[in-house]
Each structure stands twice: as structure tokens, then as C-alpha cells.
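Chemist: So the sequence lines, in the order shown, correspond to chains V and U. Residues in the first sequence are numbered consecutively from 83, following the working numbering. Residues in the second sequence are numbered consecutively from 83, following the working numbering. Glycine is no exception: its CB is placed at the ideal position from the N, C-alpha and C atoms. All values reported here derive from a predicted model rather than from experimental measurement. Structure below; questions to follow.
2 protein chains.
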Amino acid sequence: MEIKFDLNNMFSSLISPPYGIDGKEIDALSNQLSKAHANISSMRKKGELVFLDMPYKEEFINQVDEIVKLKKGKFENFVNIGIGGSALGSIAVFNSLSHPFHNLLESSRRNNAPRMFFPDNIDPDGIDGLFDVLDIKKTVINITSKSGGTVEPISTFLLLRQRIIDKVGIKAYKDHIIVTTSESQGELRQIAKEEGFSSLSIPNDLGGRYSVLSPAGLLCAALLGYSVKEFMDGAKMMDKKTSVQDVWKNPAYLYSALHYIADQKKGLNIFVIMPYSNALRTIADWYAQLVSESLGKVSGNGSLVGPTPVKALGVTDQHSQLQLYVEGRRDKVVTFIAVDSFSASLTIPKAYDKYDSIGYLGGHTITELFDAERKATELSLTKNNRLNCTISLPQINPHTLGQLFYFFEVCTLFLGQLYNVNPLDQPGVEESKDYARAFMGKKGSEGKKLEIEKLSKKDSKYCF
Amino acid sequence: MEIKFDLNNMFSSLISPPYGIDGKEIDALSNQLSKAHANISSMRKKGELVFLDMPYKEEFINQVDEIVKLKKGKFENFVNIGIGGSALGSIAVFNSLSHPFHNLLESSRRNNAPRMFFPDNIDPDGIDGLFDVLDIKKTVINITSKSGGTVEPISTFLLLRQRIIDKVGIKAYKDHIIVTTSESQGELRQIAKEEGFSSLSIPNDLGGRYSVLSPAGLLCAALLGYSVKEFMDGAKMMDKKTSVQDVWKNPAYLYSALHYIADQKKGLNIFVIMPYSNALRTIADWYAQLVSESLGKVSGNGSLVGPTPVKALGVTDQHSQLQLYVEGRRDKVVTFIAVDSFSASLTIPKAYDKYDSIGYLGGHTITELFDAERKATELSLTKNNRLNCTISLPQINPHTLGQLFYFFEVCTLFLGQLYNVNPLDQPGVEESKDYARAFMGKKGSEGKKLEIEKLSKKDSKYCF
Chain V
83 MEIKFDLNNM
93 FSSLISPPYG
103 IDGKEIDALS
113 NQLSKAHANI
123 SSMRKKGELV
133 FLDMPYKEEF
143 INQVDEIVKL
153 KKGKFENFVN
163 IGIGGSALGS
173 IAVFNSLSHP
183 FHNLLESSRR
193 NNAPRMFFPD
203 NIDPDGIDGL
213 FDVLDIKKTV
223 INITSKSGGT
233 VEPISTFLLL
243 RQRIIDKVGI
253 KAYKDHIIVT
263 TSESQGELRQ
273 IAKEEGFSSL
283 SIPNDLGGRY
293 SVLSPAGLLC
303 AALLGYSVKE
313 FMDGAKMMDK
323 KTSVQDVWKN
333 PAYLYSALHY
343 IADQKKGLNI
353 FVIMPYSNAL
363 RTIADWYAQL
373 VSESLGKVSG
383 NGSLVGPTPV
393 KALGVTDQHS
403 QLQLYVEGRR
413 DKVVTFIAVD
423 SFSASLTIPK
433 AYDKYDSIGY
443 LGGHTITELF
453 DAERKATELS
463 LTKNNRLNCT
473 ISLPQINPHT
483 LGQLFYFFEV
493 CTLFLGQLYN
503 VNPLDQPGVE
513 ESKDYARAFM
523 GKKGSEGKKL
533 EIEKLSKKDS
543 KYCF
Chain U
83 MEIKFDLNNM
93 FSSLISPPYG
103 IDGKEIDALS
113 NQLSKAHANI
123 SSMRKKGELV
133 FLDMPYKEEF
143 INQVDEIVKL
153 KKGKFENFVN
163 IGIGGSALGS
173 IAVFNSLSHP
183 FHNLLESSRR
193 NNAPRMFFPD
203 NIDPDGIDGL
213 FDVLDIKKTV
223 INITSKSGGT
233 VEPISTFLLL
243 RQRIIDKVGI
253 KAYKDHIIVT
263 TSESQGELRQ
273 IAKEEGFSSL
283 SIPNDLGGRY
293 SVLSPAGLLC
303 AALLGYSVKE
313 FMDGAKMMDK
323 KTSVQDVWKN
333 PAYLYSALHY
343 IADQKKGLNI
353 FVIMPYSNAL
363 RTIADWYAQL
373 VSESLGKVSG
383 NGSLVGPTPV
393 KALGVTDQHS
403 QLQLYVEGRR
413 DKVVTFIAVD
423 SFSASLTIPK
433 AYDKYDSIGY
443 LGGHTITELF
453 DAERKATELS
463 LTKNNRLNCT
473 ISLPQINPHT
483 LGQLFYFFEV
493 CTLFLGQLYN
503 VNPLDQPGVE
513 ESKDYARAFM
523 GKKGSEGKKL
533 EIEKLSKKDS
543 KYCF
């Protein structure tokens, strides 16, 4: 099952110039595109782009299957502790593949998979609320932190760990803990070894936000009963399509080149991602991190670059964002994600025939209405010369998700080349971490105090 | 309990010029600001700004209390059907005030309030999944549609209505239905009368996205056991503060003027809203609709205007968006929403002392860490000359929420004046609705077919 790309509504054949992009504008970029391709190929050969090779690393898949054998059926609750790249992938996978009310179903109706929780914040009431609904004796936790030292998941882990010890005792408690971290680096790896926790490995050189196709993203899928291998097969299929040098034959390259031109030549620097599917809603969160952290930075020539990702949900946000997208400032490209086939088929019952706005609906299916609204939104944007494109999944399953994740990762890598930034680092967040450590009294961070004082001087006339 | 505003990090005293705004730039706008104030005052006097007067309309509050008396305790599930302005307010209220896992708690631990569901999409699998977890006999539904003819909630309503009839019979079924719609307009009001459904009224002239402080937004709060009157008291308090003409004494006017200058003079046309609170997460969705639909349109002088709202959540999105906000293109203003006092107090247990990144955390509370991270993010933005400001709620309750909602509504109204747009309409979404009706075969929409054909011509070379 192949996912499909329709990029027509980016081009001047359907979108009037100067808004629509002409094929010649792509061709004019050909040197840059070739160079980007050559750089990527060379980096991949040198082993610097681990995420591109994840679909072929079977040893990591095998680890996931082993953990599932060990833990499945023994626990009522699975708590996946992580933040950012160590959370967004697994949350996206979980929402895409699980029943929309998974945690409200009885065990038999969720194939005996555990209830699943993804605390990805340290909001005090959020964590405390989680404790209210967990029977700790029946809970297994998985802390995911690539670096092994991320303060938020570590703190949540320490809180849950203590509760487990209190409930089941020091001897039994380690059965309740899984650690997912770097193969051989970081303090959490050390701790896992010392304590004898079950663990999963993330390759040392695999960045958090590119780790969805690793144990960091896929354990929850396996616990739900899905095949991890199918994700990999989908990703491999996409790898073939996105390794082609010719931009006109490579969906990731063409998609990226169009977005780059839209940003740099047409001033469209907001990339909207709008799945028409509740299940794919959190794919947008995953995408937003990928784009923001990878591309939002200082480019090689010193300019500040990076599109701003915006998340929307169809049809819901037609009643929230569409007015802005159709008539507001011309600064956006919209990517729709469509699903061709849903599991459910629901026919709207006939009723209240005499009423104009209601009567005609009876007899249609909800899927017809849902599709009609998506197409209508696409047409409305196109008619108003607003660039948009559509990625279609024949259905939502591990194979199509594997394709989709891999596609966006290649796009981000390729866009990094075009923007002339390193899409694998995130230097801009370090300062904030330093300040936080200073507030928390970590040794060695005293030097920040003067700076904090200076930046915290408030004038009461700007306060209400 | 007053909510507080700290606008210091918008000004040139802490943010270096030309990025920081100088007081003189505000004063230079004084004619425009006075005119905006005068227009608003005059429109309000003429009764054209119903939402500003909602806190004083006790008859609507009384309706809510009556419905709660009638329905509470009799049903296990409450399903609030609505979309856009008829959903976002009540979802924001529900998430702000309920336990984070409300629907997983036993009835006694949620003060006998029903489980609550907010289907605001017509995703087929989403609706079908909802049916899996509802015992229809124990379910009451509330369809909210201001116009009374919105196709998505009507469709969901028809599906649920039929299931209720099938389960409880035609005689008993109307006890399971509440209708919330215009006082005296629209087909849903007609239907409520004919069928004898319990109903709540939205003033005829109150726009959906300004309706949170009406039965459309507050029924769920009352079902949770909160006082609707306290929302109104909070809103009244804010009304006093935001009715003052002097921009330097009116938090809504100053906040709006600063944002307008940031957009028009500094090119900062993306407004980020970042609550540091899981409970307030969906306030950002409500805000995003308010800003998008109210301001994203063609201005009186023909230019396309409107900032793009972006939703983020602290601390979670520090690990997703912060890189972009700190180092990416300079096009954003960030509003933090802080909460001074949480219900829970959790101390991080001491463990793994010998590890640098872990040992120092033990003994601190989660609230300390949460606050440290928020302040650190604020400082990091400020140091990098990124405009930001903070709204602080002493705690999350109906009174502070009433203030917050009212504040943003006044800001949007005032910004509408500055941008020279009508913040009460949404003309840009009509076309998409026409196309959707054509796809669904509604009579009278045949004329759209030719246009649809033309816009749907796809070139296979842009498809993959």
C-alpha cells in the first residue's frame, strides 16, 4: 500500500502566477538540488545519517519484540515517560493505531494491550492526576531519554520509581521498569546496567526527533499488537522513492523544493499541516517538532531561517483556521493528509426532511461528508490562489505510517541542505536549560545569577 | 483573585531596539487608539457587541442552572456535540476545571459529574469509537449550534439521536437530548420546540467564537459542579479594567497595541500562545480560533491582514518549538500563561546521587522545576531580543477563567479596530461550505459543478 502525493495545487497550472510555482523555478534551483543530493549521499555513506538506515537495523526491532514478550499481559498500565523527540513519535504512533478511546475500553476489547499513558510534561496537577488513575502494582513504566539526562522525564521517573518501590518493595520493583536510552552512552544507560532494568537501545548517533523508527517510537505499537517490521518495510519502500536524484521523480525532493521556493521566493514561511483524521492528529505535533528544531536556526551565511509549522485538524479547524488561510495574509502553504479508507461506515439517518439545512444529509455516509469537506477546503484554497498539496494514505497502518515518517524525515534533511543549516542539532535551547539549572541550584551554574538578575528587572508601569 | 499581566519584555527597556517597543511608539498611535476606543464604546451602547454584556445577562445563567437540576445525576455520560465556536469554549472550560483523567475516574471521585465527551469532528472512526464506549441508555447529548444548521454537529446529532431512539424508544428519547442554539432563530430552534427538547439559549446576536461566557461554553462547568456566576464575576472585573480609555491603564488596550506594533512595524506576525499548564492547553485552541477568524481577512483598505496564532504548551514544547522561537526567523511574539498555584505538591525523591544530571533534583518540588523552566524560557527569549509577555493566573478557577476569556475577547475586538477589519464576521469560509454542499448533492448547488471540474484538473506529472 503506497501513500500518494498530489502536488498539483503548488503549481502555476492551477494557482495563478505569481503565486503558483512554475516548473522553471524548480529547474532554476537545479545546482542547489544536485548539491543537496550529493551531500546527503556522501553523509549517508559515511554513516552520519543513522536515521536513514534505521529500517535496515533489525537488531533494534528484535529488542522491541523481546520486551513485549517479557512484559505483555502482565501489566494493566503502560506509562511512557519522555519529552520532545522521546515522546512525540510514540504518541503519534499510539494515536494513529489505537482505538480513539483505548483507555476506556475493557481489556478484552483492546486485545489485552495495557492502557497507555504518555506523560510528556511536568505539570504538577497532570502528574498528580496520573497517580490517581494508576494501580501502581499493575503498572510498567518506560522512561525514554536519548541523552539519559533530560531533566523532565528523569524527574517524572524518580517520582514513579519511588511509588513503585513503596508499593511492591525493593526486590520486585525493577520488573516494573523499562529504560530506553542510548546504546552505550549517558547516565541512564549506566543506571539501567547497575539496577538490571530491562532496556531498549537507541543508536548513539540517532537524534531524538529522528528516532520514531526505533525502539523509542515503536514499543507502544508492538504492545498494541502491531508488527514493527511493517513500519520498517514501509520506510524501506519510501527510501527507494526518496533516494532518486531527479527532483521530478523524487516526491520528497519535489515537495521540499516547492516549499523552499514558496518560502524564499513567495514569502510563504508558514507551513500548515492539516490531517483529515483524528487518529493522525498527533502526527502534526511530531512534524512540528521535526521542522522547528531542524530548520529554525542561524544559517551558514548568518541569516535567521526556518519556516514556522502550524498544526490544524480537518474538518474541525475549518471552523477555526480556514478564514485565515483563505483570506488572511498570504504567508502559508498547506499540506493536507487524507485517508482513503476508514474502518467505520456510518450512514446518516434520515430525519427532519422538511428542513433545508438538514434534510439532504440523510442517506449519505459520514465518510462522504468528511471527504466532501476536505475536497471543498482544497478547492477553496486553490481558487483563492493559496498553495496546498495532499498526501493520501490508502489506510492508516504500520506500513503507511512507516512511509509517512520516513518521507518527512527525508524532506527535513533535504530542506536543511537548501536552507544551509544543520538539521541535526538544536543549539538554541541550551541557554534556557542553563537558566533552569541555575534556578534549581545546580552546582556550577552560579555564574548565571547576575545575568538572571539583569534580565529580571521589571518596571511596574508595564505590569497590571 | 486577579489575573496579572507583565508586559515588560515587549519594551525597549529589556529588549534591545529596534526589536523592543518604545513607549513613544505607543503614543504615536494615540489617534488610532482613541478612535478604536470611541468606536467600541459607541457600538456597545447600540447593543452591537453582545458578548461584552454577557456577564450581566443573568437570565442565561439561570437557564444553565435549571438544566443541571434537571439532568445531573441521571446520566453517566454527557456528550457535547459542536464544532468551532460551539465547541472550543466548552472544551477549554472542561479541560481547565476537570481532573486530567476525568473520564477514567469512578463516579464518586468526580463528584458524580457525568463522563464528558466533546465530538468536534466527523472523523468516521472517531464517531464510531465513541459509540463503543457509550452506554446509550445512560447518555445525555447536548447539541450546540448557534446558527442551528451547521452540517457537522447536525450529522453527529442525527446519528446519536437514532441510536437513542433505538435503545430507549420514541417516548423516552427526548429526555436524552438538550439543544443549545439561538434564542429564536434557526431550524434547530424550530426542532427543539416541535420535539419538546430541553434547550438553552444563545442570544441571537452573539457570535459563536464569542460565546464561551454563555450557555454554549458553561454548561459543562455547571455539570462539573462549578458556579457559573463566578465566571461572570471574573468577566465583570475584567470589563472594568478593559473599559478604561487610557492605553497605559488598560491591560487589553496596551497588550493589543503592542501586538499591533509588533506585527505592523517589526514584522512579527505570528502570535504564539504558550500556557504552562496542561489544564489550560485547550485555551490555546480557543484563542487560535478567536484570532484567526476575527482578524485574518481583507481590511477596509483592501490589504490582507491577520496574525497567525500558534499554540504551544510549556514545558513540553520547549523540546519542540523553542529552538525556532529563540534562533529562527524573527517573526513571533510569545504570550506565556502562567499559573501561580497548583493543587498538587510533589517532591522529587532523592536517588542516584552520584550522577550529575540527576542527583541535584532530589528534594525539589515538581512545581519548582516547572516554574524554573518557564522563567528560564522567558529569560532565554528576552536575552535573544524576542518579544514576550506573561499573563499569570493566581490559580485556575471559574473567576480567573472568566477574566482571561473576557480579556482576550476585548483584545480581539480592539485589534479588529486597529487592523480595520470586522472581527465579528467570517466571510472566507462560505465558499468552502458551498463546495461541500455541491459534493453532497444539496439542491441549488449544481452551479458549482463546472467550477469544481475546472479546479480539479490534475496533471499526473505532479503526482507520485
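From the beta carbon of residue 140(V), is the nearest beta carbon of chain U less than 8 Å away?
Modeler: So, not an interface residue.
Chemist: Compute the Euclidean distance between the alpha carbons of residue 355(U) and residue 435(V), then round it to the nearest angstrom.
Modeler: C-alpha separation (whole angstroms): 44 Å.
Chemist: Rank 462(U), 150(U), 376(U) by C-alpha distance to the C-alpha of residue 308(U) and give the top, closest one.
Modeler: Of the candidates 462(U), 150(U), 376(U), the one whose C-alpha sits nearest the C-alpha of residue 308(U) is 150(U).
Chemist: When burial is assigned at 16 or more other CB atoms within 10 Å of the CB, is residue 327(V) buried or exposed?
Modeler: Answer is exposed; the Cβ neighbour count stays below 16.
Chemist: Could you please give the first and the last residue of the uninterrupted alpha helix (DSSP H) stretch that includes residue 496(V)?
Modeler: Residue 496(V) -> alpha helix (DSSP H) spans 480-501.
Chemist: Under 8 Å, with one C-beta from each stretch per pair, do the segment 134-142 of chain U and the segment 295-302 of chain U reach the 3-pair mark?
Modeler: As far as the Cβ criterion goes, the segment 134-142 of chain U touches the segment 295-302 of chain U, which means the pair count is three or higher.
Chemist: For residue 374(V), return the contacting residues in chain U, with the cut-off set at a CB-CB distance below 7 Å.
Modeler: Those are 402, 403, 405, 406, listed as they occur along chain U.
Chemist: Please decide whether residue 522(U) counts as near chain V, where near means a Cβ-Cβ distance under 8 Å.
Modeler: Judged by the 8 Å Cβ criterion, residue 522(U) is in contact with chain V.
Chemist: Does any C-beta atom of chain V lie closer than 8 Å to the C-beta of residue 112(U)?
Modeler: Not closer than 8 Å to any Cβ of chain V, the Cβ of residue 112(U) fails to qualify, so no.
Chemist: With distances taken from CA atoms, which of 449(V), 424(V), 394(V) is nearest residue 368(V)?
Modeler: Among 449(V), 424(V), 394(V), the Cα nearest to that of residue 368(V) is on 394(V).
Chemist: Around the C-beta of residue 514(V), are 16 or more other C-beta atoms found within 10 angstroms, so that it is buried, or is it exposed?
Modeler: Burial call: buried.
Chemist: Contact defined as beta carbons within less than 8 Å: I believe residue 408(V) pairs with residue 233(U). What is the distance between those atoms, to the nearest angstrom?
Modeler: With a Cβ gap of about 18 Å, residue 408(V) and residue 233(U) do not count as contacting.
Chemist: Could you list which residues in chain U have their beta carbon closer than 7 Å to that of residue 540(V), in chain order?
Modeler: In chain order: 88, 90.
Chemist: Cα-Cα, which of 522(U), 289(U), 243(U) is closest to residue 265(U)?
Modeler: Of the candidates 522(U), 289(U), 243(U), the one whose C-alpha sits nearest the C-alpha of residue 265(U) is 289(U).
Chemist: Just to confirm, does residue 195(U) get its C-beta within under 7 Å of one of the non-hydrogen atoms of the ligand GTP?
Modeler: The ligand GTP is not part of the structure shown, which contains no ligands of any sort.
Chemist: Look at residue 421(V) and residue 358(V) and say whether their C-beta atoms are less than 8 Å apart.
Modeler: A contact, by the Cβ cut-off of 8 Å.
Chemist: Using alpha carbons as the reference points, say which of 444(V), 336(V), 231(V), 467(V) lies closest to residue 168(V).
Modeler: Answer by Cα proximity: 231(V).
Chemist: Pick out whichever of 193(U), 463(U), 474(U) has its Cα sitting closest to the Cα of residue 537(V).
Modeler: Residue 537(V) has its Cα closest to that of 463(U), out of 193(U), 463(U), 474(U).
Chemist: Short of 8 Å in beta carbon distance, which residues of its chain neighbour residue 471(U), apart from the five on each side in sequence? Order them along the chain.
Modeler: Cβ neighbours of residue 471(U) beyond the five flanking positions: 87, 88, 89, 90, 91, 92, 337, 340, 415, 416, 417, 418.
Chemist: According to DSSP, is residue 224(U) part of a helix, a strand, or is it coil?
Modeler: Strand, per DSSP.
Chemist: Can you round the beta-carbon distance between residue 261(U) and residue 281(U) to whole angstroms, since I take them to be within the 8 Å contact cut?
Modeler: Going by Cβ atoms, the distance from residue 261(U) to residue 281(U) rounds to 4 Å, so yes, they are a contact pair.
Chemist: Give a yes or no on whether the C-beta atoms belonging to residue 256(U) and residue 219(U) are separated by under 8 Å.
Modeler: Not a contact, by the Cβ cut-off of 8 Å.
Chemist: Could you tell me which of 423(U), 364(U), 430(U), 466(U) sits nearest to residue 410(U), measuring between CA atoms?
Modeler: With distances taken between Cα atoms, residue 410(U) lies closest to 466(U).
Chemist: Anything in chain U within Cβ reach of residue 486(V), meaning under 7 Å, just list it in chain order.
Modeler: The contacting residues do not exist; residue 486(V) stays about 13 Å from chain U at best.
Chemist: Taking the beta carbon of residue 253(U) as the centre, do at least 16 other beta carbons fall within 10 Å, making it buried, or is it exposed?
Modeler: Exposed, by the Cβ-count rule.
Chemist: The beta strand (DSSP E) with residue 257(U) in it runs from where to where?
Modeler: From DSSP, residue 257(U) is part of no beta strand (DSSP E); its letter is neither H nor E.
Chemist: Do you know offhand how far residue 222(U)'s Cα is from residue 152(U)'s?
Modeler: When rounded, the distance between both Cα atoms is 11 Å.
Chemist: Determine the contact status of residue 360(U) and residue 208(V), defining contact as a CB-CB distance below 8 Å.
Modeler: Yes, they are a contact pair.
Chemist: For residue 116(V), tell me which candidate among 506(V), 496(V), 544(V) has the shortest Cα-Cα distance.
Modeler: Checking every option, the nearest Cα to that of residue 116(V) belongs to 496(V).
Chemist: Tell me which same chain residues have a C-beta within less than 6 Å of the C-beta of residue 506(U), skipping the five on either side of it?
Modeler: Here the set comprises 289.
Chemist: Along chain V, which residues have their Cβ under 7 Å away from the Cβ of residue 459(U)?
Modeler: Chain V residues near residue 459(U): 514.
Chemist: Going by DSSP, what residue range makes up the beta strand (DSSP E) through residue 391(U)?
Modeler: Note, residue 391(U): beta strand (DSSP E), 390-393.
Chemist: Against chain V, which members of the segment 200-221 of chain U pass a CB distance test of less than 8 Å?
Modeler: Within the segment 200-221 of chain U, the residues whose Cβ lies closer than 8 Å to some Cβ of chain V are 202, 203, 204, 205, 206, 207, 208, 209, 210, 211, 212, 214, 215, listed in chain order.
Chemist: If contact means a Cβ-Cβ distance below 7 Å, which residues of the segment 465-494 of chain U contact chain V?
Modeler: Result list: 465.
Chemist: Can you pull the chain U residues whose beta carbon is under 9 Å from the beta carbon of residue 302(V), in chain order?
Modeler: By Cβ distance, chain U contributes nothing, its closest Cβ being about 18 Å from residue 302(V), past 9 Å.
Chemist: Could you name the residues that DSSP lists as bridge partners for residue 262(V)?
Modeler: Note: residue 262(V) sits in a beta bridge opposite 226(V), 282(V).
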